[in-house]
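What follows is one structure encoded as structure tokens, with my remarks underneath.
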DNA sequence: CCTACCGATCGGTAGG
DNA sequence: CCTACCGATCGGTAGG
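Chains as they are written, first to last, in my numbering: chain Y, 10 to 212; chain Z, 10 to 212.
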């Protein structure tokens with residue numbers, strides 16, 4: 010009740026703002042976030058929402074990073090300790106599809122939405138989105154490289170193409186789920202990803 | 010100079026508003042369209058911009074349909090007279106990739122942007138986006154069905170999966186071009202689409 | 001198709 | 001973290 014809050018309280022408020030902001034932005038886009046609606050949803054004043062961040066852009070960047078953390082937690086953490094290679098790419102596929110089919114954010118894949126929202130603009134948000142997407146594609150490509158060297162994928166496979174295709178399947182799945190509410194799509198995506206990751210013929 | 014305009018003039022103005030609106034919306038999104046900026050870009054008053062349409066939503070719907078017309082003109086018109094089947098799907102792939110690599114709209118593929126922008130919302134715009142995307146996927150699937158029946162694609166191919174995968178590759182390509190400015194991506198997409206459309210082994 | 005205007009909301013700040 | 005406020009802009013309308 011007192012206006013004198015502890016640093017702990019301030020941190021809790023900050024966290025709550027980012028969490029609710031992530032939910033809202035997954036639906037309305039990062040640019041669709043507004044301080045006023047956020048304040049209303051949280052029972053705070055607008056000054057209370059923007060204060061901890063200084064500007065809307067800083068808040069948007071934090072919201073984006075929170076969405077990336079959620080993705081990593083759901084898709085990467087479970088496989089991070091597996092040895093790199095084809096079997097880990099198959100495990101990633103499973104978790105990725107599960108993440109999209111049972112998404113913790115109401116608007117589906119945040120990075121995909123943010124990517125199409127910012128890909129034709131300039132500035133820190135575009136750069137942050139590009140870097141997050143870049144890192145994920147690099148992660149996939151690195152595993153594909155290991156798989157090719159180990160003979161688990163055909164020797165003439167282009168590792169960047171594996172990342173490119175898996176990413177495309179994930180975006181197509183995200184659209185099927187969000188735009189068409191098609192619950193047969195996860196199985197389709199599973200088959201498609203398995204085809205991209207088809208094992209090399211034994212010599 | 011006279012405020013008394015012909016119906017022809019009125020039509021010209023309407024067309025100009027939709028055209029400039031399509032350019033702007035391809036960058037800022039359909040929701041990012043504003044009457045004020047549109048009026049400014051066109052040298053009109055806000056009333057002059059919104060008047061012919063009655064509401065922003067009607068204008069947004071017309072902008073969306075204009076973007077669909079542009080896509081059809083660039084990707085579909087050139088192949089519409091070819092016989093359906095695998096070779097037409099390959100021709101579509103070529104035109105689709107060319108369209109994305111040398112896009113008439115500054116923001117890249119409008120439908121992809123509109124899809125992620127509206128897929129988590131309700132209303133006429135979401136419905137219109139879904140219908141446009143649905144029609145295109147159905148077109149691809151119908152050609153895949155013909156190709157499978159003709160033995161041009163493997164007999165166990167799922168035609169909906171062909172449409173799903175081609176669409177995913179196109180979205181991945183759109184991202185590579187717009188977000189990463191990666192001009193090696195069109196070739197990658199060509200290889201990926203060719204793989205999806207690999208001919209059935211001759212019996 | 002214009003001017004002039006409406007209430008609502010935007011991001012953000014001053015001062016406590 | 002609040003109240004009270006800022007100028008700017010939003011979509012839209014009245015009246016010509």
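For glycine and all other residues, C-beta sits at the position ideal for the given N, C-alpha and C.
Between residue 23/Z and residue 107/Z, the alpha-carbon positions lie close to 29 Å from each other.
Inside the stretch 93-137 of chain Y, DSSP marks no whole beta strand (DSSP E) run of 3 or more residues.
Annotation for residue 138/Z: 123, 124, 127 place their beta carbon closer than 6 Å to its own, counting only its chain and skipping 5 residues before and after. A residue is called buried once 16 or more other Cβ atoms fall within 10 Å of its Cβ, and residue 31/Y is buried on that count. Under the three-state reduction of DSSP, residue 22/Z is assigned to helix.
Residue 176/Y sits in a helix when the DSSP states are folded into three classes. CA-to-CA, the gap between residue 62/Z and residue 80/Z works out to about 23 Å. Closer than 8 Å to the CB of residue 174/Y there is at least one CB belonging to chain Z. For residue 126/Z, the nearest beta carbon of chain Y is closer than 8 Å to its own beta carbon.
With a cutoff of 8 Å on beta-carbon distance, residue 66/Z and residue 27/Z are scored as not near each other. With distances taken between CA atoms, residue 117/Z lies nearest to 189/Z out of 189/Z, 208/Z, 95/Z, 207/Z.
Taken atom to atom, the span from the alpha-carbon of residue 200/Z to that of residue 200/Y is near 19 Å. In the three-state DSSP reduction, residue 90/Y falls in the coil class, being neither helix nor strand. Residues of the stretch 63-78 of chain Y with a C-beta atom less than 7 Å from some C-beta of chain Z do not occur. Under the three-state reduction of DSSP output, residue 66/Z falls in the helix class.
Counting C-beta pairs closer than 8 Å gives three or more between the stretch 93-111 of chain Y and the stretch 147-156 of chain Y, which meets the contact rule. Among the residues of the stretch 35-46 of chain Y, those with a Cβ less than 9 Å away from any Cβ of chain Z are 35, 36, 37, 38, 40, 41, in the order of the chain. Residue 181/Y reaches chain Z at 173, 174, 176, 177, 180, counting residues in chain order whose Cβ is nearer than 8 Å. In the three-state DSSP reduction, residue 209/Y falls in the coil class, being neither helix nor strand. If the five residues before and after residue 39/Y are omitted, its C-beta is found closer than 7 Å to the C-beta atoms of 69, 72, 73, 123, 126, 134, all from its own chain and listed in chain order. Contact with chain Z is found for residue 201/Y, since one of that chain's Cβ atoms lies less than 8 Å from the residue's Cβ.
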